[in-house]
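Count along the sequence shown from 1, then add 69; that gives the number in our numbering.
Some notes on the structure that comes next.
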Amino acid sequence: MSVLIIGGDKVTRLQSLLQSLGATETRHWDSRRNSTSHKTIPHNTDMIIMLTDFLKHNSMNHFKREAKKSDIPFLCVKGLSGCSECQIRQMVDGIRYADQTDRFCRGTCSR
Numbered sequence: 070m071s072v073l074i075i076g077g078d079k080v081t082r083l084q085s086l087l088q089s090l091g092a093t094e095t096r097h098w099d100s101r102r103n104s105t106s107h108k109t110i111p112h113n114t115d116m117i118i119m120l121t122d123f124l125k126h127n128s129m130n131h132f133k134r135e136a137k138k139s140d141i142p143f144l145c146v147k148g149l150s151g152c153s154e155c156q157i158r159q160m161v162d163g164i165r166y167a168d169q170t171d172r173f174c175r176g177t178c179s180r
């Protein structure tokens, strides 16, 4: 599975999480430059995660439209909190994590 991460500065923790969930390739676009919003989503992208803390609204809307056109699932998260990790796991695995013993779930997300 190939994942594109858009936004954010330090994404090593997110990349590690994705690799543990089976991602074979992760790309990161930091979106600090205006040229980021003109990039084309790579054809082999299976999922897009947008970190909205450091992502301009125009860029986010552009990539949402492109993802919908290409039928690529995407997730917008504010940061990598416990709830964000739950959302990412749900998206990757396609299941809801209702187990309270999950070490990443802190029980504050809407499950």
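Cβ atoms here follow ideal geometry from the backbone N, Cα and C, with glycine treated the same way.
The structure presented is a predicted model; accordingly, all values stated were derived computationally and were not measured.
Give the straight-line distance between the Cα atoms of residue i and residue j, rounded to the nearest whole angstrom.
i	j	result
residue 72	residue 92	7 Å
residue 160	residue 74	14 Å
residue 76	residue 102	11 Å
residue 90	residue 158	7 Å
residue 141	residue 79	24 Å
residue 85	residue 98	16 Å
residue 112	residue 126	23 Å
residue 94	residue 87	9 Å
residue 128	residue 96	17 Å
residue 70	residue 120	19 Å
residue 104	residue 124	13 Å
From the DSSP secondary-structure annotation, give me the bridge partner or partners of residue i.
i	result
residue 145	119
residue 153	According to DSSP, which records beta bridges pairwise, residue 153 is partnered with nothing at all.
Can you tell which of the options has the C-alpha that lies nearest to the C-alpha of residue i?
i	options	result
residue 133	154, 88 and 107	107
residue 122	116, 87, 153 and 115	153
residue 115	131, 135 and 82	135
residue 139	104, 83, 110 and 70	110
residue 83	131, 118 and 129	118
By Cβ distance, which residues of its chain are closer than 7 Å to residue i, with the 5 residues on each side in sequence left out?
i	result
residue 137	none
residue 81	none
Tell me which same chain residues have a C-beta within less than 6 Å of the C-beta of residue i, skipping the five on either side of it?
i	result
residue 131	106
Runs of alpha helix (DSSP H) wholly within the stretch 75-132 (minimum 4 residues, chain order): Counting whole runs of 4 or more residues, the stretch 75-132 contains the alpha helix (DSSP H) stretches 81-89.
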